[in-house]
Amino acid sequence: MTASVTGAGIMLVGATPAQAARQVNWDVLAKCESGGRWHINTGNGYYGGLQFSRSTWLANGGGKYAPTANRATKAEQIKIAEKLYKKRGLKPWPTCGKKPGVYKTTKTVKKKKSTAKATGKTYVIRSGDTLAKIAKRYHVKGGWRTLYNLNKDRLDSPSLIFPGQRIRL
Numbered sequence: 002m003t004a005s006v007t008g009a010g011i012m013l014v015g016a017t018p019a020q021a022a023r024q025v026n027w028d029v030l031a032k033c034e035s036g037g038r039w040h041i042n043t044g045n046g047y048y049g050g051l052q053f054s055r056s057t058w059l060a061n062g063g064g065k066y067a068p069t070a071n072r073a074t075k076a077e078q079i080k081i082a083e084k085l086y087k088k089r090g091l092k093p094w095p096t097c098g099k100k101p102g103v104y105k106t107t108k109t110v111k112k113k114k115s116t117a118k119a120t121g122k123t124y125v126i127r128s129g130d131t132l133a134k135i136a137k138r139y140h141v142k143g144g145w146r147t148l149y150n151l152n153k154d155r156l157d158s159p160s161l162i163f164p165g166q167r168i169r170l
């Protein structure tokens with residue numbers, strides 16, 4: 002671990018061995034922080050599933066994805082959270098970071114390879130849309146299941162989509 006001196010004192014940089022060995026279950030943390038709603042903006046100054054302040058989001062590179070976390074995908078929010086976690090552990094989430102289940106138990110699971118292939122096109126969800134309606138409209142082979150599999154990194158559930166979200170077709 003390295004340390005650098007700042008005007009406010011010493012700032013430690015880098016993950017401790019204990020942090021490096023643990024994996025955070027970001028879904029559990031988001032469930033506590035925002036009810037698991039990755040695109041939330043309640044007007045309280047914190048945004049997205051992990052409730053980033055705008056300054057924390059931008060300071061950790063989130064600006065390359067969106068101006069605030071609620072406008073980024075779940076995967077993009079997690080990338081920034083992992084970057085922040087390497088620097089500060091779970092300190093940015095003082096209450097929810099202490100909840101049971103925040104750390105994953107690691108086990109090897111062999112995943113089935115998805116045969117779904119994206120067309121390279123995207124679609125912005127509108128009010129009243131469902132994955133089934135979108136799949137039918139764009140003649141997606143395999144229907145809503147294929148759309149969900151193509152967008153698992155962006156969607157928490159096939160039945161939970163929000164206007165403004167961008168999905169792959």
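Residue numbering for the sequence shown follows this note's numbering, starting at 2 and increasing by one per position. The C-beta atom is built at its ideal place from N, Cα and C for all residues, glycine as well.
Q. What number of angstroms, rounded off, separates the C-alpha of ILE81 from the C-alpha of GLY64?
A. The residue given as residue 81 occupies position 80 in the sequence shown. The residue given as residue 64 occupies position 63 in the sequence shown. Their backbone Cα atoms lie some 10 Å apart in a straight line.
Q.
Relative to the C-alpha of LEU59, which candidate in GLN78, ASN42, GLY36, ASN26 has its C-alpha closest?
A. Reading the sequence shown from its first residue, position 58 is the one you call residue 59. Answer by Cα proximity: GLN78.
Q.
Taking the beta carbon of LYS75 as the centre, do at least 16 other beta carbons fall within 10 Å, making it buried, or is it exposed?
A. For the purposes of this step, residue 75 is taken as the residue at position 74 of the sequence shown. By the neighbour-count criterion, in which 16 or more other beta carbons inside 10 Å mark a residue as buried, LYS75 falls on the buried side.
(Q) From the DSSP secondary-structure annotation, give me the bridge partner or partners of LEU51. (A) Here residue 51 refers to the residue found at position 50 of the sequence shown. LEU51 is not bridged to any residue.
Q: Compute the Euclidean distance between the alpha carbons of LYS92 and ALA133, then round it to the nearest angstrom.
A: Against the sequence shown, residue 92 aligns to sequence position 91. Against the sequence shown, residue 133 aligns to sequence position 132. Their backbone Cα atoms lie some 40 Å apart in a straight line.
**Q.** Between the CA atoms of LEU85 and SER56 - distance to the nearest angstrom
**A.** Counting from one through the sequence shown, the residue named residue 56 turns up at place 55. Counting from one through the sequence shown, the residue named residue 85 turns up at place 84. Looking at the two C-alpha atoms, the distance is approximately 12 Å.
**Q.** DSSP-derived helix/strand/coil call for TYR86
**A.** Position 85 of the sequence shown, counted from the start, is the residue given in the question as residue 86. Of the three classes helix, strand and coil, the one that applies to TYR86 here is helix, per DSSP.
**Q.** Whole-angstrom distance between GLY90 and GLY165, CA atom to CA atom
**A.** Counted from its first residue, the sequence shown places residue 165 at position 164. Counted from its first residue, the sequence shown places residue 90 at position 89. About 31 Å.
Q. Can you name the start and end residues of the beta strand (DSSP E) that ILE168 belongs to?
A. Here residue 168 corresponds to residue number 167 of the sequence shown, with the count starting at 1. Judged by DSSP secondary structure, ILE168 falls within the beta strand (DSSP E) whose first and last residues are 167-169.
Q.
Can you look up ASN71 in the DSSP assignment and give me helix, strand or coil?
A. Walking along the sequence shown from the start, residue 71 turns up at place 70. Helix.
(Q) Cutting at 7 Å between CB atoms, please list the residues of its own chain near PRO159, excluding the five before and the five after it. (A) For this step, residue 159 is matched to residue 158 along the sequence shown. The answer, listed in chain order, is LEU132, TRP145, TYR149.
Q: Name, in chain order, the residues that DSSP records as bridge partners for LYS105.
A: Mapped onto the sequence shown, residue 105 falls at position 104. DSSP lists GLN24 as the beta-bridge partner residues of LYS105.
Q.
Could you give the first and the last residue of the continuous beta strand (DSSP E) run that contains THR96?
A. Here residue 96 corresponds to residue number 95 of the sequence shown, with the count starting at 1. No beta strand (DSSP E) holds THR96; DSSP gives it neither H nor E.
Q. Whose C-beta lies closer than 6 Å to the C-beta of ASN61 among residues of the same chain, with five residues either side of it excluded?
A. Here residue 61 refers to the residue found at position 60 when the sequence shown is read from its first residue. Once the five neighbours on either side are set aside, the close Cβ partners of ASN61 are ILE81, LYS84, LEU85.
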